[in-house]
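Visitor: The sequence shown runs 43 to 1037 under our numbering.
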Amino acid sequence: MTAAPGRRSSTFTRLLRHGFTDPSAAERLLEGPELTAVRNDPVLLEALGATADPDLALHGLVRLLEAQADRELLDTVIAAKPLRDRLLGVLGASAALADHLARHAGDWHALVTYEPRDLHPGVEEFERGLAEATDPVSLRVAYRRCLLSIAARDVCGTTDLAETAAELADLATATLRAALAIARAAAPEDAALCRLAVIAMGKCGGHELNYVSDVDVIFVGEAVDGADEGKALRSATKLASHMMRICSETTVEGSIWPVDANLRPEGRNGPLVRTLSSHRAYYQRWAKTWEFQALLKARPVAGDLGLGEEYVEALEPLVWKAAERENFVPDVQKMRRRVVENIPAAEIDRQLKLGPGGLRDVEFAVQLLQLVHGRTDASLRSGTTLDALQALAAGGYIGRADAAQLDDAYRFLRSMEHRIQLYRLRRTHLVPEDEADLRRLGRSLGLRTDPVAELNREWKRHASVVRRLHEKLFYRPLLDAVAQLGLGEARLSPEAARERMVALGYADPAAALRHLEALASGVTRKAAIQRTLLPVLLGWFADSADPDAGLLNFRKVSDALGKTPWYLRLLRDEGAAAENLARVLSAGRLAPDLLMRAPEAVALLGDGDGGGLEPRGRDSLEQEILAAVGRADGAQQAVTAARGVRRRELFRTAAADIVGSYGTETQPAETDQGALMDRVGGAVSDLTAATLAGTLRAVVRDGWGDTLPTRFAVIGMGRFGGHELGYGSDADVLFVHEPREGVGEREASEAANKVVSEMRRLLQIPSADPPLLIDAGLRPEGKSGPLVRTLTSYAAYYRRWSLVWEAQALLRAEPVAGDGELGRRFIELIDPLRYPAAGLGEDAVREIRRLKARMESERLPRGADPKLHTKLGPGGLSDVEWTVQLLQMRHGAEEPGLRTTRTRAALSAAQGAGLLSEENAEILDEAWVLATRVRNAVMLVRGRAGDTFPSETRELAAVGRYLGYEAGHVGDMLDDYRRTARRARNVVQELFYGV
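#1: By how many angstroms is the C-alpha of residue 60 removed from the C-alpha of residue 70?
#2: Which word fits residue 753, buried or exposed, when buried means at least 16 other C-beta atoms lie within 10 angstroms of its C-beta?
#3: Where are the beta strand (DSSP E) runs, 3 residues long or more, that stay fully inside the region 655-705, in chain order?
#4: If I measure Cβ to Cβ from residue 1043 and keep anything under 6 Å in the same chain, skipping five residues before and after, which residues do I get?
#5: Please report how far the alpha carbon of residue 496 lies from the alpha carbon of residue 489, in whole angstroms.
#6: Thinking just about the alpha-carbon of each residue, which of 810, 408, 446 and 1019 is nearest to the one in residue 974?
#7: Where residue 745 and residue 841 are concerned, what is the direct C-alpha to C-alpha distance, given to the nearest angstrom?
#8: Can you tell me where the beta strand (DSSP E) with residue 174 in it begins and where it stops?
#9: Could you tell me which residues DSSP puts in a beta bridge with residue 860?
#10: Give the straight-line distance between the Cα atoms of residue 869 and residue 856, rounded to the nearest whole angstrom.
#11: Quick check: residue 197 and residue 134, are their CB atoms within less than 9 Å of each other?
#12: One question on the structure: do residue 630 and residue 997 come within less than 9 Å of each other, judged by their Cβ atoms?
#13: Whole angstroms are fine: how far does the CA of residue 355 sit from the CA of residue 367?
#14: Since I believe residue 285 is in contact with residue 222 (beta carbons under 8 Å), could you give me their beta-carbon distance rounded to a whole number of angstroms?
#15: Any idea which residues DSSP pairs residue 393 with across the strands?
#16: Which runs of the beta strand (DSSP E) spanning at least 3 residues fall entirely within the region 433-475, listed in chain order?
#17: Considering Cα atoms alone, identify which of 780, 260 and 758 is closest to residue 819.
#18: Which same chain residues, not among the five before or five after residue 648, have their C-beta less than 7 Å away from its C-beta?
#19: May I have the straight-line CA-CA distance separating residue 872 from residue 863, to the nearest angstrom?
#20: Going by beta carbon distance, what residues of the same chain come within less than 6 Å of residue 417, once the five residues before and after it are set aside?
#21: Which of the three DSSP states is assigned to residue 712 in this structure?
#22: From the DSSP output, in three-state form, read off residue 565 for me.
#23: Around the C-beta of residue 821, are 16 or more other C-beta atoms found within 10 angstroms, so that it is buried, or is it exposed?
#24: The alpha helix (DSSP H) with residue 265 in it runs from where to where?
#25: Report, in whole angstroms, the separation of the C-beta atoms of residue 690 and residue 645, which I expect to be a contact under 8 Å.
#26: From residue 1015 to residue 999, what distance separates their C-alpha atoms?
#27: Out of 896, 282 and 1030, point me to the one whose CA is closest to residue 226's CA.
#28: Hey, residue 939 and residue 954 are a contact pair by Cβ (cut 8 Å); roughly how many whole angstroms apart?
#29: Looking only at C-alpha atoms, which of 485, 301 and 722 sits nearest to residue 90?
#30: Return yes when the Cβ of residue 582 is within less than 9 Å of the Cβ of residue 628, no when it is not.
#31: Taking DSSP as the reference, what is the three-state secondary structure of residue 236?
#32: Compare the C-alpha of residue 721 against each of 557, 410 and 699 and name the closest.
#33: How is the beta strand (DSSP E) around residue 777 delimited, first residue to last?
#34: Could you pull the start and end residues of the alpha helix (DSSP H) that residue 344 belongs to?
#35: Tell me the DSSP secondary structure of residue 242 in three-state form.
#36: Spatial neighbours of residue 390 within its chain, please: CB distance less than 6 Å, with the 5 preceding and 5 following residues excluded, ordered by chain position.
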């Protein structure tokens, strides 16, 4: 009966109420000939409304009825609730299976009866279901028929996620066996020559397969008795290839799934089939950490099962030794990071499997723990993620509450993945964006009130749980092993805790566990906060070259600041502060030493997104230091205050450098090495200048009040004048003075010399603050000449006696403290010397080259490897700087851009002026930046200056981490340095020596 115009029919309203989104189309389908007899049947509407997508279910039902020759299906659907729920449930969840049913009209009978044995079929039952398949097409039809029953049990809730995944793996096993049987029947001669075992890997091997997934396999082949091994392997390879094609190729019935053999030794470059002895040899000598991780799920499924068992028995002992490999935990964590980094940016927020908080996070964490503790506990050796998770909780290797949360999240995320794939039977791990797809997905998971909003909320909640827990899983039980636990709570045994610390890279696990006990034991609020912080901190320490030092330093800082109310609150509430502190404490000796002298500087590591680590400008530093000097009582107290500011700001600079070099979870490492180096050079140089200015003010005020009898200026030289100081650099300077009007030469000179002497003394007094060494060795006549000269004396000396090396040294001269006008006049005096109007004569060029060659031969320390000496070695700092300075002296008078004290700026100006090619400029710049960064790294790591790479293993690894090399790649770092320096030396030979 048609409704009056403008009014909706009662059927339309009922359809809306039952969840149809297109009631008009549904009404037309219900009034069609296939459903005429039952269109008003409330049972049918109720059943359709219970599906994930009522519109899709109704459309699929009509198509299926159109393909029937009689009313048997319709009558059975109305009369039998079990079939009705199963059939409509599948039709409402899977357009692909609806297509299959429309093509194979009788396959609905597979859903009619459920014997008790049908509720949980295994490989044997699926083999019977595939028994009649004799070719790829009939195998696909039979496979989909079996898949129908699995999907029906799944969507109706007869089986849970784990049971469904196991059934899919069993169906895959039966399918591989059927495909191999077809391949063997097609080539009986090949079959007769070999034994071939198919080893399932990945989710199939783990008995936790998806609806649509690559089925990962490895093949093992042997010759039958009397057969030639080479021929047998060729035959086995043909059978394996044919079996893969049977499953993977597209036919009129589509494909089943790809069979992927890329987990085999050597991947795609290796032979498809190997003998057992060949497999064993590869894994003993060449396999990487991830390959042992993959073997966790190895399971023989098809072919010669006896040979498959031999394969597993041969390799299983190697799997459980993998955690003893060097850099095991960092390797696994690095692999996880690489997976995330390779996700396209547009997909990362929709990735169920690989994104942060996704399925892979759970699987990686569980597998990592299995490999560490499965060596001594066989109960953990399951290839199934949820079973392994349960075993880890039962053994106390992870907390029960954490395990329960992860189990819940993993089941939800896998269920989402299943339903997404079931719809079109396509391999995907992306959450759809279309509203209708999200609605169907939400309803399929039982979210019916507001399916889309509820789905997004639940998905984000579970992903957040995984993201929060996946790394904590590894570290939390270490604390429980040494802290007070509630009754009945399982904990790591001392041996298991030690194993885990060793796997993390701790050289002294017993000491590390003592530190944890001291930090986390007890019932105080402080201990409770530490138990929250430490699991994450341990992970960050483990990411460094020296986890032991990181943990020890954290204990020292915590002991010093534990009673202050803000310290633990800062670390708990500001994620950046905790991670920054972990990086700083485990990156070497310098930054922790600076921090231990005044632990309250840890507050610099917070300030939201890291703003507290931004270097301060010279004006701001000088203002603070001069204010502190003004408040002090006497010169020594004043300089102590100035040195305290310097120590704090050195820590700020070092911490920013370390964090920028390592990167954080939210901010990747700085890729521009030159920018990092410039930031350090500028910050340390500004800080040194401000400290000298404060010290000069303190000494003058203490000895003469407001006015010194002579004007006095400090001229920065060398790396100081070039704004290129490193952490271990002395302050190279010249001192210049000029008597005030009415003051005698002798009085002025005595005052100036007393200022210099007192400044040097006060800046080197032993104290908690690092000394600042003033080096005036570049003054006229060197160490034989007076420490301080008048401007007139400098002019006379340079006019009569100046040597070419002194003019070269003046290229880096820049006023840094004292009388600004006097400093400016000094620069006016020396400009004609360092930038001679006529350039350099050939004699001067020869002299510079002779001095350089002599310096290389005489100053290089005995026993040092010249190729790795950053200052004097080929392609090192001296090579680049002397080359640039030669260009400055030759062309500075005519090229204003060359008149700079900064090496990189002068190099850029020389390239801009056409004095060297862009390529050569880049080569020199890269070498200079790298050498400077190495020197900074050595100082950060060892706490003392050095011009070559450390020989101690951990120190060398720490230098590598600072320079961006992952664990285990110090050889690559040294090779890269040699290569960079060699290229620079070639340019130096051409530009400096004219070779």
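The C-beta atom is built at its ideal place from N, Cα and C for all residues, glycine as well. These figures come from a predicted structure and were not determined experimentally.
Guide: The answer reads as follows:
#1: Taking C-alpha positions only, residue 70 is separated from residue 60 by approximately 16 Å.
#2: Residue 753 counts as buried, since at least 16 other C-beta atoms from the protein chains shown sit within 10 angstroms of its C-beta.
#3: Entirely contained in the region 655-705, not one beta strand (DSSP E) run reaches 3 residues.
#4: Residue 1043 falls outside the range modelled here, since the chain spans only 43 to 1037, and no answer is possible.
#5: Each residue's Cα considered, the two are about 6 Å apart.
#6: Ranking 810, 408, 446 and 1019 by Cα distance to residue 974 puts 1019 first.
#7: Computed Cα separation, rounded: 34 Å.
#8: Boundaries cannot be given for residue 174, as no beta strand (DSSP E) includes it and DSSP labels it neither H nor E.
#9: According to DSSP, residue 860 shares a beta bridge with 755.
#10: Their Cα atoms are separated by approximately 7 Å.
#11: With contacts defined by Cβ atoms closer than 9 Å, residue 197 and residue 134 form a contacting pair.
#12: Yes; because the gap between Cβ atoms is below 9 Å, this pair is in contact.
#13: Rounded to the nearest angstrom, the two C-alpha atoms are 20 Å apart.
#14: Between residue 222 and residue 285, the beta carbon gap of about 5 Å places them in contact (Cβ cut-off 8 Å).
#15: Looking at the DSSP assignment, residue 393 forms a beta bridge with 472.
#16: Segments of the beta strand (DSSP E) lying fully in the region 433-475: there are none.
#17: Nearest C-alpha to residue 819: 758.
#18: If we look at residue 648 and ignore the five residues flanking it on each side, its Cβ neighbours are 612, 616, 618, 619 and 654.
#19: As the crow flies, the alpha-carbon of residue 872 is around 15 Å from that of residue 863.
#20: Non-local beta-carbon contacts of residue 417 in its own chain, meaning distances under 6 Å to residues more than five positions away in sequence, involve 362 in chain order.
#21: DSSP places residue 712 in coil when its eight states are reduced to three.
#22: In this structure, residue 565 counts as coil in the three-state DSSP scheme.
#23: By the Cβ neighbour-count rule, residue 821 is buried, with 16 or more other Cβ atoms within 10 Å of its own.
#24: Counting along the chain, residue 265 sits inside no alpha helix (DSSP H); it lies in the beta strand (DSSP E) bounded by residues 257-265.
#25: The pair is not a contact, with the Cβ atoms about 10 Å apart (cut-off 8 Å).
#26: Straight-line Cα distance between these residues: approximately 10 Å.
#27: When each option's Cα is compared against that of residue 226, the closest is 282.
#28: Their Cβ separation, rounded to whole angstroms, is 6 Å, which keeps residue 939 and residue 954 in contact under 8 Å.
#29: Of the listed residues, the one whose Cα sits closest to residue 90 is 485.
#30: Yes.
#31: If DSSP states are grouped into helix, strand and coil, residue 236 belongs with the strands.
#32: Answer by Cα proximity: 699.
#33: Note, residue 777: beta strand (DSSP E), 773-781.
#34: Careful: residue 344 lies outside any alpha helix (DSSP H), inside the beta strand (DSSP E) at 341-345.
#35: Correct three-state label for residue 242: strand.
#36: Within the same chain, 397 come within 6 Å of residue 390 by CB-CB distance, once the 5 residues on both sides are set aside.
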